[in-house]
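Position 32 (the sequence shown) corresponds to 44 in our numbering; numbering is contiguous. For each residue, glycine too, the CB sits at the ideal point set by N, CA and C. Please read these numbers as outputs of a predicted model, since none were measured by experiment. This report concerns only the one structure given below.
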Amino acid sequence: MTETHETHAVVVTRRRMAEVADAYDELEDRLLGDGQRGGHAAPSSRLPLDAHAATVRMEISGWATWCARAVMDYRDEHKQPWTPSTTDPGALLREIADEHIGVFFGDPIEGGEFIDTAEEFSRRARAAAWPTGARWIRLSVPCPEAAMSDMGERVECGGEYRMWMQPEQDVLGDMVCDRDDEHRITPAEWMRAMRRRGVKSVDGAARLVRTLRIAGRVAL
Ligand SMILES: [Zn+2]
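Dropping the structure here:
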């Protein structure tokens, strides 16, 4: 399935799957405790994983496996066997959403059912992961910070910026690195830095604005 022929339903459903994946990561972080999974720590915000959240987490995992099986069956039928590159449910859902979502839209009735399922999973997963509505929003913007190694070599941070957002919040917070809380910048500073760097940065800025819009926030 090519990008240009995707229907609105496909685009929206891909977003729902990404939301489920993000919520799964949050639930997983909470289950494992802060800092054990990529350092997505938000100590003040973190709630212990309750029985309901644990159930939802397992359901998401089951759904990710179901989706993967569906894609594998489809690809087997078409003599193009596929093996997922990951068994992590969140990463698996993202991979399927990005590369194989067309499998679920071959038949209109099944497509409709898949849309409903993704909607429902997204709603329940987000409610379980962020019961107060406050959450980290991934910005898909790489952290530009770097450190010096003992050998005097520059080592890129490799983290990504994210932003903590609460319902009804009308001012954007700092963009904070997911690897090191000390790496932070305000959105306005970041935009200025991007502008100084020239044309290529327009992509990054546009992506940030889009992400914040998707998250239901007014753009910068
Ligand atoms: Zn960083």
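Beta carbon of residue i nearer than 9 angstroms to that of residue j
i, j, result
"residue 107", "residue 96", "yes"
"residue 38", "residue 142", "yes"
"residue 28", "residue 139", "no"
"residue 145", "residue 199", "no"
"residue 21", "residue 123", "yes"
"residue 151", "residue 187", "yes"
"residue 76", "residue 104", "yes"
"residue 137", "residue 35", "yes"
Three-state class that DSSP yields for residue i in the structure shown
i, result
"residue 56", "Any reading at residue 56 must be qualified, since the residue scores a pLDDT of 46, below 50, and its modelled position is unreliable; the value itself is stated next. In this structure, residue 56 counts as coil in the three-state DSSP scheme."
"residue 111", "helix"
"residue 125", "helix"
"residue 231", "Because the pLDDT of residue 231 is 39, which lies under 50, any placement of that residue in the model is unreliable, and the number read from its coordinates should be weighed accordingly. Of the three classes helix, strand and coil, the one that applies to residue 231 here is coil, per DSSP."
"residue 31", "helix"
"residue 68", "helix"
"residue 22", "helix"
"residue 78", "helix"
"residue 179", "coil"
"residue 62", "coil"
Bridge partner(s) assigned by DSSP for residue i
i, result
"residue 150", "174"
"residue 159", "167"
"residue 188", "174, 196"
Supposed contact pair residue j and residue i - C-beta distance, whole angstroms, cut 8 angstroms
i, j, result
"residue 101", "residue 134", "Their Cβ separation, rounded to whole angstroms, is 14 angstroms, which puts residue 101 and residue 134 out of contact at 8 angstroms."
"residue 109", "residue 26", "5 angstroms"
"residue 171", "residue 191", "3 angstroms"
Any non-hydrogen atom of ligand 2 within 8 angstroms of residue i CB
i, result
"residue 171", "In the structure shown, ligand 2 is absent; the only ligands present are ligand 1."
- Query: Going along the chain, which unbroken runs of the alpha helix (DSSP H) with 4 or more residues stay wholly within the region 86-111?
  - Reply: Taking 4 residues as the shortest admissible run, the region 86-111 contains the following complete alpha helix (DSSP H) segments, listed from N- to C-terminal end: 101-111.
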